[in-house]
Amino acid sequence: MSAGLRALVRFHLTGEMEGDDRRADSRLRSALLAPYRDLSQLRYDYPLVLVEGSAGGGFVRSLSSVVDAVLREIAPEGGQGERLRKHLLRLEAAMRALVAEGVEATLSELWRLAEHELLSQCDEEAAGQLRESFGQAEAAGLVDGRVIDCDDGTPSQLFQHAWDAVQHERSRRALEEIEGLLLRLSDILKADFQKSEEAKAPKNLRRSVGIRFEESFDFEALSRVLKTSSSEGSLSESRRERIRSVLSVLESQRFFALPTDAEGTRDQAAPHSFVFDSCTRAWEVFRERVPEMLELLKAIAIAELELENRYRESEHDALFGRFGETSLTPEDLARFPSYLIRLHDKDCEEREKARLIDVLSSGLPLKILVQTSDILGKPSLGDGQFALGVRGMQLASMAVGLNSCFVLQSPSSDLYQMRDRILGGLTYPGPALFSVFTGAVENAPDLPPYLEAASAVQSRAFPVLAYDPGAGGDWASRFEVTGNSQAEADWPVHSFSYEDADLQRVSEEIAFTFADFVASDRRYAGHFAPIPREDWDESLIPVREYLGLAEEEAARAVPYVSVVDENDILQKLVVDQKLIRATRRCAEMWRGLQELGGIQNSHALNLLERERETWEHERERELDELREQALREPRAAVAPPATAAGEAAPLVMQPSEPETDTETEPRSSDEPYIETPRCTTCDECTVLNSRMFAYDENKQAHIVDPTAGTYRELVEAAEACQVCIIHPGKPMNPDEPGLDELTRRAEAFN
Amino acid sequence: MAMSVSAPRCLQWSDREDYQLEDYEAEVPRWCTGCGDLAILAAVQRLCRDEQLPLEKLVFVSGIGCSSRFPHYMKTYGFHGLHGRALPVAEGIKLKRPDLHVFVNTGDGDCCSIGAAHWLHAIRYNMDMTVLLHDNEIYGLTKKQASPTSPRGLKSNTTPRGTHLEALNPLSTTLGVANVSFVAQAVDWVPTVLYEIISQAFHHKGLSFIRVVQRCPEFLPTHFDPWMHDPDRLLMLTHEDGIQASPELSRTYKQQEVHDPGEMNRAREIASLKDQIPVGILYRNDEAPCYEDVVGSGPPITGPEKIQASVEAELDKFTVWPPSEGREGRG
Chain A
1 MSAGLRALVR FHLTGEMEGD DRRADSRLRS ALLAPYRDLS QLRYDYPLVL
51 VEGSAGGGFV RSLSSVVDAV LREIAPEGGQ GERLRKHLLR LEAAMRALVA
101 EGVEATLSEL WRLAEHELLS QCDEEAAGQL RESFGQAEAA GLVDGRVIDC
151 DDGTPSQLFQ HAWDAVQHER SRRALEEIEG LLLRLSDILK ADFQKSEEAK
201 APKNLRRSVG IRFEESFDFE ALSRVLKTSS SEGSLSESRR ERIRSVLSVL
251 ESQRFFALPT DAEGTRDQAA PHSFVFDSCT RAWEVFRERV PEMLELLKAI
301 AIAELELENR YRESEHDALF GRFGETSLTP EDLARFPSYL IRLHDKDCEE
351 REKARLIDVL SSGLPLKILV QTSDILGKPS LGDGQFALGV RGMQLASMAV
401 GLNSCFVLQS PSSDLYQMRD RILGGLTYPG PALFSVFTGA VENAPDLPPY
451 LEAASAVQSR AFPVLAYDPG AGGDWASRFE VTGNSQAEAD WPVHSFSYED
501 ADLQRVSEEI AFTFADFVAS DRRYAGHFAP IPREDWDESL IPVREYLGLA
551 EEEAARAVPY VSVVDENDIL QKLVVDQKLI RATRRCAEMW RGLQELGGIQ
601 NSHALNLLER ERETWEHERE RELDELREQA LREPRAAVAP PATAAGEAAP
651 LVMQPSEPET DTETEPRSSD EPYIETPRCT TCDECTVLNS RMFAYDENKQ
701 AHIVDPTAGT YRELVEAAEA CQVCIIHPGK PMNPDEPGLD ELTRRAEAFN
Chain B
751 MAMSVSAPRC LQWSDREDYQ LEDYEAEVPR WCTGCGDLAI LAAVQRLCRD
801 EQLPLEKLVF VSGIGCSSRF PHYMKTYGFH GLHGRALPVA EGIKLKRPDL
851 HVFVNTGDGD CCSIGAAHWL HAIRYNMDMT VLLHDNEIYG LTKKQASPTS
901 PRGLKSNTTP RGTHLEALNP LSTTLGVANV SFVAQAVDWV PTVLYEIISQ
951 AFHHKGLSFI RVVQRCPEFL PTHFDPWMHD PDRLLMLTHE DGIQASPELS
1001 RTYKQQEVHD PGEMNRAREI ASLKDQIPVG ILYRNDEAPC YEDVVGSGPP
1051 ITGPEKIQAS VEAELDKFTV WPPSEGREGR G
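Residue numbers (my numbering), protein chains in the order written: chain A, 1 to 750; chain B, 751 to 1081.
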């Protein structure tokens, strides 16, 4: 072991290194993030447009999708639409740059600003063409609304907007109902009034005829005649009073803002607010408003009975008299606006956290948004003990455990993709928790919040998960982790290309692990040490592969992460044992979530294994029986009948290789093999390794030499084979790296 | 027509009888790995080897499209020509050279779109040739454009909101043409059956039409997965006059129907199946007349007879005819 390597191993095991100058530079970022220096040059989910006046899933659109929609409408495919596409994409880029500079505006304002900027940069002819294109786009009709970028305030703004959209629709429905009731109840009172003495008075009769014809009538005489008619059928005093009281409750309720009526007589107090920044306050207010809610619900129920003349005092008086808090059902609550509570993890006191759990377990329609700007927490116990999960994951896991609470965990980078889930949570009749990592970490100032948030989800430190109790009765319907990148894998793997010292292109696959995520946080710089270029050799193992090594192998290896510095120079950092432990823990937590989400569920896998064993046992038994039967029967009986010369033999599809060998000598499941007769000659395996796989005389693939390549190639060939006929068997070389993972992948094909 | 091998090599092979599969292989196919065309190519080369067909007696004709590169990969005569016009070219060849084995390789665009008119009449003419319709339900050569056989709703570069119309069914269409004589369907992912169907088609006298449902790994990589991964969605058509499934195959493909290829009505019903892909021979009529038999192939254009006739015609110009009665009278 060289001196350099010895120092790296020592650092890995102890976290200590001679001389502070060898500590990792804190201005590093994971190598996979190198291409994203300037986000304003990319088309991605942000900036978002909070669409005004839109219900349902259209409440938010990405700027790119808005531009794409316009282009689809106005720009024909091919060369004809090319100019329009170029112009609008330039405009989009200009708008993106303005938002990145911190301009806060609506889409239409931003559009004009960007347009002005572009027009000022070009000559008259080009400006004319641009104006024409922009005019066409505007004529196509644009959505409008505030444009927001990914920053600390994003979740709050987005959820407020979504909540507004949901409440707007709910209020519209409620108001339609209340206004209908008000109108029809008033009509009952009006009809009743017409039967009263007052209505038949000359003054009232004159008013009902109008000015133009008042000279034509003798209202005194008319009044006398009308007063002789019967006044039967007028309302009882108690009913009249009840209807008045209901009207008064409906008009004075403060849950939904009634429009001003034509006469301007309606006197509604300012509507209630439903958005809070404290659980305690929201809870108190909710409790205070319960009597009002009960009054309104009662009023609506009585109004419906009155309109159909079904209110029986003997029966209903007592019934409504008993109507209290305990009579409320979730359906009743769902008619009222839900409460939106916006919390920030860093400002959240212990009392508030305790109240949060009360609220979530209450079953009431309170929607809580918890924003977290730091999921790692400050290093506390020992030197840099990670508080991983305490802030983000635990909250969501706890809420999922409550069973009846809607839970969505997502970093702000994925909120746009989760927009339907957001609406689902806000319309869910019970409580909902939205746990969002904003990515605005103070300790990673070089990384934009979007990248930080996206890194958190990629590294499984803050995975996307959704739990919707309204989706069904079982976990398969309720729980979902498929919003994560490469959800089937422990870590997402991406290809990474760079230029080496000889100016040659090098490509490799890099997994984005928890350690890669931590690498950009300056608080944890002490867990990494740069590896001098002269020490880059095969004893360095990427963290993902290192985690899969057996203990003995791990002792000889040094785990590293690939990072780039501010000049995009590739560096490798050795990772210390503490961070490796935290990475392992992160992977275990992720595997737990995978299992809940139905990915590699251990119960299901065990069951599958048991079933497979039973099936194999059964097959063995059948084969034994067949062998015994074959030995008992005379050989001639199984020989094919001779055919006469020139006579066409019946065509029976035979596999290209005689199957008898495989039947008499059952193939060991440890050996790799191909079901050659089923091969479609698709070239996948032969292109992968032509020394290992080759075609036979029928141009169908078989394994010529299983040792002519790695087990990885066997597994990859099996995965690439579209008809799934390659069976990789068991690995032949126990020293091949990553065997655990490969064996797991091979299981599906053996 | 151009032959893909040099004349000396051809002479070397002329007296050879034990053809190997490699003898039919020309250049390395340029198709994508995983392409169903490769399975069809392998099956055809195997047929040629098993039948020991002389290279100079084979001709492969194609139109335009991915599948139409087929003649380049056969070391035989070939014609890679006009879009949609593979069938008329093949008919011309067959008419003048009935001794050649003619194969036509055509795609779902080449046959069912631009070449649809030729397709219908070629079925009616029923000339002795084997037509392989490579149907991947997409235009691969033009990078994912909808074809007439693309299922309704399929999103492609030409139909970003999904195709509007029901797909054309090549089997039903062919079965609806007068004088049809052989219609079969195969899938590229069951190579043993593909081979058997091509073999039976080759032995059929008349135009044998095989639709091969094939995958396009590049532009529709998962399109046929529901059928590939569920053997019960393949309906094997078996019959003593058709395909007989081996026990190994029957274990995998349990959905089988004994279908008499002489039953046109049932064949049309099977062709219209939506959920299952029928595989096997749907229809066969050995009695249907072939156009070349009815009209004949005309006077020979080469060979000793033609040379003899031409020499005779030239010499006749100088012949001193024996005096006839008429001439005598005038002379």
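Glycine is no exception: its CB is placed at the ideal position from the N, C-alpha and C atoms.
Return yes when the Cβ of residue j is within less than 9 Å of the Cβ of residue i, no when it is not.
| i | j | result |
| --- | --- | --- |
| Arg902 (chain B) | Glu916 (chain B) | yes |
| Leu408 (chain A) | Ser435 (chain A) | yes |
| Tyr1003 (chain B) | Met986 (chain B) | yes |
| Pro429 (chain A) | Gly470 (chain A) | yes |
| Gln577 (chain A) | Pro530 (chain A) | no |
| Leu5 (chain A) | Val575 (chain A) | no |
| Leu32 (chain A) | Ser485 (chain A) | no |
| Pro712 (chain B) | Cys785 (chain B) | Past the boundaries of the shown model lies residue 712 (chain B); chain B is included only from 751 to 1081, so the question cannot be answered. |
| Glu308 (chain A) | Leu185 (chain A) | no |
| Val457 (chain A) | Ser413 (chain A) | yes |
| Lys227 (chain A) | Lys200 (chain A) | yes |
| Gly863 (chain B) | Pro898 (chain B) | In the sequence as presented, Gly is not what sits at residue 863 (chain B); that position holds Ser. Going by C-beta atoms, Ser863 (chain B) is nearer than 9 Å to Pro898 (chain B). |
| Pro941 (chain B) | Ala792 (chain B) | yes |
| Leu356 (chain A) | Glu251 (chain A) | no |
| Asp490 (chain A) | Arg591 (chain A) | yes |
| Ile300 (chain A) | His316 (chain A) | no |
Smallest Cα separation from residue i: which of the options?
| i | options | result |
| --- | --- | --- |
| Thr154 (chain A) | A:Leu107, A:Trp111, A:Tyr46 and A:Lys195 | A:Tyr46 |
| Ala396 (chain A) | A:Arg172, A:Leu84 and A:Phe462 | A:Phe462 |
| Phe11 (chain A) | A:Tyr560, A:Ile510 and A:Glu82 | A:Tyr560 |
| Glu1042 (chain B) | B:Val778, B:Asp773, B:Phe1068 and B:Asp878 | B:Asp878 |
| Leu426 (chain A) | A:Glu622, A:Glu169 and A:Arg581 | A:Glu169 |
| Ser900 (chain B) | B:His851, B:Gln994, B:Arg847 and B:Asp885 | B:Asp885 |
| Ala318 (chain A) | A:Pro330, A:Lys298 and A:Leu465 | A:Lys298 |
| Ile580 (chain A) | A:Val518, A:Ile211, A:Thr326 and A:Phe193 | A:Val518 |
| Ile814 (chain B) | B:Asn919, B:Leu805, B:Thr1069 and B:Gly834 | B:Gly834 |
| Gln160 (chain A) | A:Ala221, A:Glu176, A:Val51 and A:Leu71 | A:Val51 |
| Gly135 (chain A) | A:Glu124, A:Asp144, A:Asp151 and A:Trp111 | A:Trp111 |
| Asp38 (chain A) | A:Ile368, A:Pro449 and A:Leu63 | A:Pro449 |
| Leu944 (chain B) | B:Leu788, B:Leu1023, B:Arg780 and B:Glu775 | B:Leu788 |
| Leu91 (chain A) | A:Val66, A:Gln80, A:Glu104 and A:Glu73 | A:Val66 |
| Thr681 (chain A) | B:Gly926, B:Arg911 and B:Gln964 | B:Gln964 |
Could you tell me which uninterrupted alpha helix (DSSP H) segments, each at least 4 residues in length, are contained entirely in the segment 461-533 of chain A, listed from first to last along the chain?
-> 475-478 and 514-518
- Query: Per the contact definition of three or more C-beta pairs closer than 8 Å, is the segment 1026-1038 of chain B in contact with the segment 932-950 of chain B?
  - Reply: yes
(message) Counting only Cβ-Cβ distances shorter than 9 Å, please list the residues of the segment 694-711 of chain A near chain B, keeping chain order.
(response) Tyr695, Glu697, Asn698, Lys699 and Gln700
- With contact counted as at least three CB pairs below 8 Å, one residue from each stretch, are the segment 809-824 of chain B and the segment 843-859 of chain B in contact? yes
Any alpha helix (DSSP H) of 4 or more consecutive residues that is wholly inside the segment 547-573 of chain A:
551-555
For this session: Anything in the segment 926-946 of chain B with a Cβ closer than 7 Å to a Cβ of chain A? List those residues in chain order, please.
Result: Asp938, Trp939, Pro941, Thr942, Val943 and Glu946
- Along the segment 712-726 of chain A, what residues have a CB closer than 7 Å to any CB found in chain B? Gln722 and Val723
Residues within the segment 957-975 of chain B neighbouring chain A, beta-carbon criterion of under 8 Å: Arg965 and Pro967
Inset, instruction - Let me know the beta strand (DSSP E) ranges lying completely inside the segment 707-732 of chain A, each 3 residues or longer, listed in chain order. - result: none
Note down, in chain order, all residues in the segment 795-806 of chain B with a beta-carbon under 8 Å from any beta-carbon belonging to chain A. Gln795 and Arg796
Every unbroken alpha helix (DSSP H) inside the segment 185-261 of chain A [4 residues or more]: 202-209, 219-227 and 237-252
Short of 9 Å Cβ to Cβ, which residues in the segment 318-340 of chain A face chain B? none
Fill in: Near-chain A residues of the segment 1023-1042 of chain B - C-beta to any C-beta below 8 Å
none
Could you give the uninterrupted runs of the alpha helix (DSSP H) lying entirely in the segment 23-93 of chain A, keeping only those of 4 residues or more?
63-74
- Scan the segment 677-692 of chain A for residues whose Cβ lies nearer than 8 Å to a Cβ of chain B and list them as they occur along the chain. Pro677, Arg678, Cys679, Thr680, Thr681, Cys682, Asp683, Glu684 and Val687
Query - Stretch-stretch touch, CB-based, cutoff 8 Å, three pairs: the segment 126-144 of chain A with the segment 412-421 of chain A - result: no
Kindly provide the ranges of any alpha helix (DSSP H) runs that are 4 or more residues long and lie completely inside the segment 1016-1051 of chain B, ordered along the chain. 1041-1045
Item checked: Those runs of the beta strand (DSSP E) which lie wholly inside the segment 328-361 of chain A and span at least 3 residues -> 339-344
**Report entry** Sufficient close CB pairs (3 or more, under 8 Å) joining the segment 943-959 of chain B to the segment 796-806 of chain B
**Finding:** yes
TODO: Counting only runs of 4+ residues fully inside the segment 90-114 of chain A, write out the alpha helix (DSSP H) ranges in chain order.
DONE: none
Stretch-stretch touch, CB-based, cutoff 8 Å, three pairs: the segment 696-703 of chain A with the segment 498-511 of chain A: no
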